[in-house]
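To keep things clear, I will list the structure first and then write my remarks on it.
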Amino acid sequence: MSHRIASNPLLALLIAGAALVGCGGGDAEPPPPPIGPSTSSGPDTVAPSVTISNNVSTPTATGPVTFSFVFSEDVGTSFDVTDITVSGGTAGTFTRIDGRQATIVMTPTPGVAGTMTVNVAAGRFTDLFGNANVAAARASMDYVVAPPPPPPTPTGTVLANFDNVSPPFAGFEGGDGSAVEAGPAGGSGNALKVLRSGGQVFALAIVTLPSNVALEAGRKTISARVYSPTANIPMVLKLEGPGGNPSSGDIQANEVVVVGWQTLTWTVNAVNTNYNVLVLLPNLGTVDAPPGKAYYFDDIQLLGTASGGGASGTVLANFDSVSPPFAGFEGGDGSAVEAGPAGGSGNALKVLRSGGQVFALAIVTLPSNVALEAGRKTISARVYSPTANIPMVLKLEGPGGNPSSGDIQANEAVVVGWQTLTWTVNAVNTNYNVLVLLPNLGTVDAPPGKAYYFDDIQLLGTASGGGGGGGLQTFSSGFVAGNRTVEGGEFGGFSGSNQDNFACSGDPAWCGGGGDTTPGVAADTSFFFYYYQTPTPATAEYMGIFVLAPGLTGGLSGTADSTGVQINGQTAMKFKLGQNPEWFGTATNKFAVDLTLGKRYPPNGNTCRLQLRTIVTPTAAAATAYTVPLSAFSVVQDCGVGGLTVASALAASPISQVSFQGVGGSIALSAGGQTSGANLSVAAGGVYPTTLVVVGGITFE
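Numbered according to my numbering, the sequence shown terminates at residue 1148, and the numbering increases by one at each position without gaps.
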């Protein structure tokens, strides 16, 4: 959906039928005065300058490094990647955050130690008055060869890992350059490189195994760590016997292929115990023109254990030692945990479908969210069905049904009796905590009904770890009714000016807010907007939106530490924000982003919390996705703690509150040499409005 902030916020509220939200909320206070004056006289003739820093706190790096460029004043769009020269590595993604900040990612030369250097020469950028930089800038970072990660713990029967299990192989029809060698960064030890260069559209490599693949009725899934240089391509595997017979036929990976390393799985349709050859067919159907492309395969395994064991992973429910609450609905009301049919192990969840709806179901509420990752999106379960060739559907949901994965059909054909089924989630979302089980979806099982059993439900693979974290941290994923985020944190607005004694009363003629919430809309399109407007231009004005951490309501505690989201290797904050066009069109349209940390410091007996701030120059009035490096923030409240940096503050305390603010006039906020603003000059409908809208979630990545 799309949402347009109207010129008259009150009229927009009336048209949308949105409920007004009171102006107060959280523990927000009128902001402090700006740090230092911002005055000028005469034309600007001062040359701009740039300072270069990086995101590595140790003396040496072992992988990609993000270099940040912070300018002394706004340089508009005059600075881009062509103004940077590099040595000792390869320049990657360049991001212009705004006219005052930019970043570039550099990857060191693989396999050697050295120094990465970035340079910006004189005369490469200009300020808004046309003054060019006269001083060059340079920054360096030493790097060492990263030690290879330890080989992963096998989660099944290893067929080939090309280290201690390295069967013979050969390339054909354009795959003749295939070899066993160390894979790209992110791999472990050696891997089989399938180099496709010219030849046929089916250029391939074959691996001859020392023994037959021990497929069973409930054990038909092969996994491998795969590196691809290209996304969204066919990644096909085939099993064959001696001389090509029998053959499994081409098997497409269950997952969508991404660039880089990921874990892929292939499900064999039927059991045959005479397969002893793996045929690897990356990018099947396309010729990779010379010099070709290299695809890497490692840690190839038959998942699970022999004689009916399940694939290893994170146990979500086994209904013995891990037995979360469940409920049946719409014809699944007779569901229960009990011993399953012969061939099972211990207890299982019986989903008894008898009459009701075609979507008779059971739901399982998990004690924690499902830890999906980019390379870890497959769920497996031991399933007993009384009927073959029926839909066996699973769905993941968050609290109240949002977010939702949508219906996911099992990768395998359903047989009568016990078997291991897998379901591959299309996209990563870390807010799922409910499993919805929908056996035989689309059909009513007439009374007395049929019983389907689910056991040993797991998220396959092992969680990525090491390296100090760095994965996605979700602060909020969207807005629900009652001024709560999907994660249960409170949100709201605050405002005031010199015209109302710096405290809006909640009168809609002055301030208010509203929006769309789940389940009426999807979480990522839910939004909250807040406005403040004055009848004449204010000389000092503040307004903003606050969002509290998951589960946090009623503001931050005055007597104890508050909970929040702990940064652990994340380097950037992401959000989607818009402004009203009147404010965006002014010269004072920059907004502040404040992070209030949860740890309480009581200097002189008063409650104080560390606060970080950055000032962002908007790129559009419409709601726009922003990525802000955490290195762009400044410590603006240190609570008497000496020597603080942004990194040390974030290491010492979780983030308990995020706020987005429009603050202008004599109380404008400052950070990093920039100053926030508000609409103090452009009228709409007889008032001077300043409006913010936040769409979807707030994450740290």
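Cβ coordinates follow ideal geometry from the N, Cα and C atoms, glycine included.
Of the listed residues Gly940, Pro966 and Thr677, nearest to proline 955 (C-alpha basis): As a working note, residue 955 is residue 508 in the sequence shown. Comparing Cα positions, the closest option is Gly940.
Assuming contact is defined by CB atoms lying nearer than 9 angstroms, are threonine 498 and methionine 553 in contact in what I supplied? Sequence index remark: in the sequence shown, residue 498 carries index 51 (1-based). Sequence index remark: in the sequence shown, residue 553 carries index 106 (1-based). Their beta carbons are not under 9 angstroms apart, which means threonine 498 does not touch methionine 553 by this criterion.
Three or more beta-carbon pairs under 8 angstroms between the region 715 to 729 and the region 578 to 587, yes or no? Cβ pair count under 8 angstroms is below three, so no.
Using CA coordinates, which residue listed in Phe1080, Ile698 and Leu749 is at the minimum distance from leucine 728? As a first step, residue 728 must be located in the sequence shown, where it is residue number 281. Cα-wise, what sits closest to leucine 728 is Ile698.
Glutamate 934: which of Thr1010, Leu868, Phe1038 and Leu906 sits nearest, CA to CA? In the sequence shown, the residue the question calls residue 934 occupies position 487. Nearest option by C-alpha distance: Thr1010.
Continuous beta strand (DSSP E) assignments of at least 3 residues falling wholly in the region 962 to 1044: 974 to 981, 987 to 995, 1019 to 1026 and 1038 to 1044
Anticipated Cβ contact below 8 angstroms, serine 1106 with glycine 991, distance rounded: One-based indexing of the sequence shown puts residue 1106 at position 659. One-based indexing of the sequence shown puts residue 991 at position 544. Indeed, because the Cβ distance is near 5 angstroms, the residues count as touching under 8 angstroms.
From alanine 560 to glutamate 628, what does the alpha carbon distance come to, in whole angstroms? As a first step, residue 560 must be located in the sequence shown, where it is residue number 113. As a first step, residue 628 must be located in the sequence shown, where it is residue number 181. Roughly 20 angstroms separates the two Cα atoms.
When you compare only the Cα positions, how much space is there between valine 715 and leucine 749? As a position in the sequence shown, residue 715 is number 268, starting the count at 1. As a position in the sequence shown, residue 749 is number 302, starting the count at 1. Valine 715 and leucine 749: Cα-Cα distance of roughly 11 angstroms.
Which term fits valine 1110, buried or exposed, when burial requires 16 or more other beta carbons within 10 angstroms of its beta carbon? The count along the sequence shown starts at 1 and reaches residue 1110 at position 663. Buried, by the Cβ-count rule.
Tell me where the alpha helix (DSSP H) around alanine 1094 begins and ends. Looking up residue 1094 in the sequence shown gives position 647. Taken as a continuous stretch (DSSP letters only), the alpha helix (DSSP H) holding alanine 1094 covers 1093 to 1099.
Please state whether the Cβ-Cβ distance between serine 973 and phenylalanine 926 is less than 9 angstroms. Position 526 of the sequence shown, counted from the start, is the residue given in the question as residue 973. Position 479 of the sequence shown, counted from the start, is the residue given in the question as residue 926. In this structure, phenylalanine 926 lies closer than 9 angstroms to serine 973 by Cβ.
Three-state secondary structure (DSSP) of leucine 1139: In the sequence shown, counting from the first residue as 1, residue 1139 sits at position 692. Leucine 1139 falls in the strand class under three-state DSSP.
Among Ala549, Thr550, Met563 and Phe526, nearest to threonine 537 - alpha-carbon criterion: By one-based count along the sequence shown, residue 537 stands at place 90. With distances taken between Cα atoms, threonine 537 lies closest to Met563.
Could you check whether proline 495 and threonine 550 sit closer than 9 angstroms to each other, using their CB atoms as the reference points? Looking up residue 550 in the sequence shown gives position 103. Looking up residue 495 in the sequence shown gives position 48. Going by C-beta atoms, threonine 550 is not nearer than 9 angstroms to proline 495.
Sequence-distant residues of its chain with Cβ nearer than 6 angstroms to arginine 1056 (five each side left out): If you number the sequence shown from 1, residue 1056 lands on position 609. Once the five neighbours on either side are set aside, the close Cβ partners of arginine 1056 are Thr1043 and Leu1044.
As assigned by DSSP and simplified to three states, the class of alanine 1130: Walking along the sequence shown from the start, residue 1130 turns up at place 683. It is coil, neither helix nor strand.
Which whole runs of the beta strand (DSSP E) in the region 823 to 895 are 3 residues long or more, in chain order? 825 to 832, 839 to 844, 864 to 871 and 881 to 886
Apart from the five residues just before and just after aspartate 903, which ones in its own chain have a Cβ nearer than 7 angstroms to its Cβ? In the sequence shown, counting from the first residue as 1, residue 903 sits at position 456. Correct list, in chain order: Gly757, Asn765, Ala828 and Arg829.
Nearest-angstrom Cα distance between arginine 547 and arginine 672? Translated into positions along the sequence shown, residue 547 becomes position 100. Translated into positions along the sequence shown, residue 672 becomes position 225. Cα-Cα distance, rounded: 41 angstroms.
Given valine 528 as reference, the closest of Glu520, Val522 and Gly539 once Cα atoms are compared: Within the sequence shown, the letter at position 81 stands for residue 528. For valine 528, the nearest C-alpha among the options comes from Gly539.
For proline 1076, which of helix, strand or coil comes out of DSSP? Within the sequence shown, numbered from 1, the residue matching residue 1076 stands at position 629. Correct three-state label for proline 1076: strand.
Around the C-beta of glycine 914, are 16 or more other C-beta atoms found within 10 angstroms, so that it is buried, or is it exposed? Mapped onto the sequence shown, residue 914 falls at position 467. Note that glycine 914 has pLDDT 36, beneath the 50 cutoff, so the model's placement of it is unreliable and the number below is only indicative. Burial call: exposed.
Isoleucine 747: first and last residue of the uninterrupted beta strand (DSSP E) it sits in: For the purposes of this step, residue 747 is taken as the residue at position 300 of the sequence shown. Segment 740 to 750, the beta strand (DSSP E) holding isoleucine 747.
Is the separation between the beta-carbon of leucine 808 and that of alanine 898 shorter than 9 angstroms? Position 361 of the sequence shown, counted from the start, is the residue given in the question as residue 808. Position 451 of the sequence shown, counted from the start, is the residue given in the question as residue 898. No; because the gap between Cβ atoms is not below 9 angstroms, this pair is not in contact.
Roughly how many angstroms lie between the CA atoms of glycine 624 and glycine 1032, to the nearest whole one? In the sequence shown, the residue the question calls residue 624 occupies position 177. In the sequence shown, the residue the question calls residue 1032 occupies position 585. Roughly 58 angstroms separates the two Cα atoms.
Should glycine 1001 go down as buried or exposed, given a rule of 16 or more other Cβ atoms within 10 Å for buried? By one-based count along the sequence shown, residue 1001 stands at place 554. That one is exposed.
Nearest residue (CA-CA) to lysine 740, options Leu731, Ile747 and Asp746: Reading the sequence shown from its first residue, position 293 is the one you call residue 740. Between lysine 740 and the set Leu731, Ile747 and Asp746, the nearest pair of CA atoms involves Leu731.
In this structure, does DSSP put threonine 712 in helix, strand or coil? Here residue 712 corresponds to residue number 265 of the sequence shown, with the count starting at 1. If DSSP states are grouped into helix, strand and coil, threonine 712 belongs with the strands.
Assumed close pair glutamate 919, threonine 869 - CB separation to whole angstroms, cut-off 8 angstroms: As a first step, residue 919 must be located in the sequence shown, where it is residue number 472. As a first step, residue 869 must be located in the sequence shown, where it is residue number 422. Per the sequence shown, residue 919 should be read as leucine rather than glutamate. Not really, about 23 angstroms apart at Cβ, beyond 8 angstroms.
Local Cβ density within 10 Å of valine 815, reported as buried at 16 or more and exposed below that: The residue given as residue 815 occupies position 368 in the sequence shown. Reading the sequence as shown, one finds serine at residue 815 and not valine. Exposed.
Looking at the strands, I want to know which residues DSSP matches up with phenylalanine 1147. Position 700 of the sequence shown, counted from the first residue, corresponds to residue 1147. Gln920 and Met1020, per the DSSP bridge assignment.
Taking just the CA atoms, how far does glycine 953 sit from glycine 471? For this step, residue 471 is matched to residue 24 along the sequence shown. For this step, residue 953 is matched to residue 506 along the sequence shown. With a pLDDT of only 36 at glycine 471, under the threshold of 50, the placement of this residue in the model should not be trusted, and no figure is reported.
Among Phe901, Pro1065 and Asn858, which residue has its Cα nearest to the Cα of serine 864? For this step, residue 864 is matched to residue 417 along the sequence shown. Residue identity check: residue 864 is glycine in the sequence provided, not serine. Closest option to glycine 864, Cα to Cα, is Phe901.
Segment contact flag, the region 780 to 793 with the region 840 to 857, C-beta cutoff 8 angstroms, min 3 pairs: no
For glycine 1111, the three-state DSSP class (helix, strand or coil): Translated into positions along the sequence shown, residue 1111 becomes position 664. In the structure shown, glycine 1111 sits in a strand (DSSP, three-state: E or B).
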